[in-house]
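In my numbering, the protein residues as written are 160 to 570.
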């Protein structure tokens, strides 16, 4: 299939939005939830802490008993019990008394503060006559973590569509929940096409090219929180068609590289067209205008260029957002303002993803040309995105910069 006219980037995004799929959900153990996406709101079953507890090792006391204590004005308190973590005391503290307490242990009745052990001297005249000398004072509530000060029973602790980090795992556990509902991880089939491609080797024969796309694109897929399996296919129509059909049965998304040039006889585009629908082929985008999108047996198919940098640009411009939305996550990379160090050229009617290097103040375009020059991506750390209605950027103009690292799943 050959579509002669390039469509605007906005139209391509609109087509993708209309064909967006969302993953089904599953219940998993909380211990396996790191970097998964919640599909439900999480409410707490408990107060956290569940009781007033000591924030450090020391002595539970009545704060007013310590008032006026200093290195020059020593006070004495009798020790009537001790509480370890996971234990509690039934004794009630009265004026002039203290209970030795460990971090995390419940505050005993009558006490309203904890005096740090560092500010005490322990003396013992016998098992029934133990006391401490104190040389510092505390205020009511000092060194006490109060019941429910972190979360209260019934509180919403984590919103749905949240990517679960260690801190979310901790608060969900504190809420009393061990199993959660999350979106399933998208399974992506990456099909690398090309008769000339071989795996990395120290010796190349004539016309052979090392297949770098299998590493570049598969790692970009994983940076979106998806699982990927990679397979290679020759530029043979029937082989590509069979690989597409087989993959559509077992995968949620298919991505191909190669065989998409804007010309007749492009094997991947023709194969998709023969067994499904090509919804667009060719976008006013640089680098990477020969990009396609279609559907095979209800499975979305992105057809990327065989040139590594073009494929990377196409992925960041179109695929990354689609993969995030499959897991009900908004793709919202961080934009920062920088001053353009040099004039940057761009043509009207085309969205340019300019490979750039930005420091804390300014940004400049990486000058390497061509859709296959990987070195330009090594030297770059960001994109300057020039809208199709904008004709270049002037020197010293303030522009938006999107850093590569902010586009990743776990940014």
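Every residue gets a Cβ at the ideal spot worked out from N, C-alpha and C, and that includes glycine. This structure is a prediction, so every number in the text was calculated from the model and none was measured.
How big is the Cα-Cα spacing for residue 307 and residue 226?
Working through the chain shown from its first residue, we reach residue 307 at position 148. Working through the chain shown from its first residue, we reach residue 226 at position 67. Rounded to whole angstroms, residue 307 to residue 226 spans 28 Å at the Cα level.
What is the DSSP secondary structure of residue 169, reduced to helix, strand or coil?
In the chain shown, counting from the first residue as 1, residue 169 sits at position 10. Of the three classes helix, strand and coil, the one that applies to residue 169 here is helix, per DSSP.
Can you tell me where the beta strand (DSSP E) holding residue 217 begins and where it ends?
If you number the chain shown from 1, residue 217 lands on position 58. Note, residue 217: beta strand (DSSP E), 217-220.
Whole angstroms is fine: what's the gap from residue 520's alpha carbon to residue 497's?
The sequence position of residue 520 within the chain shown is 361, counting from 1. The sequence position of residue 497 within the chain shown is 338, counting from 1. Going from the Cα of residue 520 to the Cα of residue 497 covers about 6 Å.
If contacts are defined as beta-carbon pairs under 8 Å, then residue 551 and residue 516 qualify, I think. What distance do you get, rounded to the angstrom?
Counted from its first residue, the chain shown places residue 551 at position 392. Counted from its first residue, the chain shown places residue 516 at position 357. Not really, about 18 Å apart at Cβ, beyond 8 Å.
Here's the rule: buried if 16 or more other CB atoms are within 10 angstroms of the residue's CB, otherwise exposed. What is residue 296?
Numbered from 1 along the chain shown, position 137 holds the residue referred to as residue 296. So residue 296 ends up on the buried side.
Only counting the same chain, and skipping five residues up and downstream in sequence, which positions put a Cβ closer than 8 Å to that of residue 549?
The count along the chain shown starts at 1 and reaches residue 549 at position 390. Result list for residue 549: 505 and 507, in chain order.
Give every residue of the same chain whose Cβ lies closer than 7 Å to the Cβ of residue 300, excluding the five residues on either side of it in the sequence, and list them in chain order.
Within the chain shown, numbered from 1, the residue matching residue 300 stands at position 141. If we look at residue 300 and ignore the five residues flanking it on each side, its Cβ neighbours are 271 and 272.
In three-state DSSP terms, what is residue 297?
Numbered from its first residue, the chain shown carries residue 297 at position 138. In the structure shown, residue 297 sits in coil (DSSP, three-state: anything other than H, G, I, E or B).
Would you mind listing the beta strand (DSSP E) stretches within the region 245-326 that are 3+ residues and don't spill past its ends, in chain order?
Listed in chain order, the complete beta strand (DSSP E) runs (minimum 3 residues) inside the region 245-326 are 256-260, 272-275, 279-283, 289-293 and 315-317.
Does the beta-carbon of residue 243 have 16 or more other beta-carbons within 10 angstroms, so that it is buried, or is it exposed?
Position 84 of the chain shown, counting from 1, holds the residue named residue 243. That one is exposed.
Give every residue of the same chain whose Cβ lies closer than 8 Å to the Cβ of residue 239, excluding the five residues on either side of it in the sequence, and list them in chain order.
Stepping through the chain shown from its first residue, residue 239 is reached at position 80. Closer than 8 Å at Cβ, skipping near neighbours: 250, 252, 256, 257 and 258.
For residue 523, count the other beta carbons within 10 Å of its own beta carbon; 16 or more makes it buried, fewer makes it exposed. Which is it?
Taking the first residue of the chain shown as 1, we reach residue 523 at position 364. Its Cβ being crowded by 16 or more others within 10 Å, residue 523 is buried.
Can you check DSSP and say which residues form a bridge with residue 412?
By one-based count along the chain shown, residue 412 stands at place 253. Paired residue(s): 347.
Is it buried or exposed for residue 248, if we count other Cβ within 10 angstroms and need 16 for buried?
Stepping through the chain shown from its first residue, residue 248 is reached at position 89. Buried: at least 16 other Cβ atoms inside 10 Å.
Taking the straight line between their C-alpha atoms, what separation do you get for residue 168 and residue 443?
Reading the chain shown from its first residue, position 9 is the one you call residue 168. Reading the chain shown from its first residue, position 284 is the one you call residue 443. So the two alpha carbons sit approximately 6 Å from each other.
At 4 residues or longer, and completely inside the region 190-237: list those alpha helix (DSSP H) runs for me, N to C.
Counting only runs of 4 or more, we get nothing.
So, helix, strand or coil for residue 507, using DSSP?
Translated into the one-based positions of the chain shown, residue 507 becomes position 348. Reduced to three states, the DSSP call for residue 507 is coil.
Would you call residue 493 buried or exposed, if buried means 16 or more other Cβ atoms sit within 10 Å of its Cβ?
In the chain shown, the residue the question calls residue 493 occupies position 334. Classification for residue 493: exposed.
Is it a yes or a no for the region 183-195 touching the region 453-471, going by three-plus beta-carbon pairs under 8 Å?
As far as the Cβ criterion goes, the region 183-195 does not touch the region 453-471, which means the pair count is below three.
So, helix, strand or coil for residue 429, using DSSP?
Here residue 429 refers to the residue found at position 270 when the chain shown is read from its first residue. Of the three classes helix, strand and coil, the one that applies to residue 429 here is helix, per DSSP.
When burial is assigned at 16 or more other CB atoms within 10 Å of the CB, is residue 337 buried or exposed?
What you label residue 337 is simply residue 178 of the chain shown in a count that begins at 1. With fewer than 16 Cβ atoms within 10 Å of its Cβ, residue 337 is classed as exposed.
So residue 459 and residue 404 are supposed to be a Cβ contact under 8 Å. How far apart are they, rounded?
For this step, residue 459 is matched to residue 300 along the chain shown. For this step, residue 404 is matched to residue 245 along the chain shown. That belief does not hold up - the Cβ atoms of residue 459 and residue 404 are roughly 14 Å apart, past 8 Å.
Residue 339 and residue 316 - do their beta-carbons sit closer together than 8 Å?
Working through the chain shown from its first residue, we reach residue 316 at position 157. Working through the chain shown from its first residue, we reach residue 339 at position 180. Against a cut-off of 8 Å, the Cβ pair of residue 339 and residue 316 comes out as no contact.
Beta-carbon within less than 6 Å of residue 530's beta-carbon, same chain only, minus the 5 sequence neighbours each way: which residues are those?
For this step, residue 530 is matched to residue 371 along the chain shown. Low confidence applies to residue 530: its pLDDT is 48, below 50, so where it sits in the model is not reliable, and the reading given next is rough at best. The answer, listed in chain order, is 446, 466, 468 and 469.
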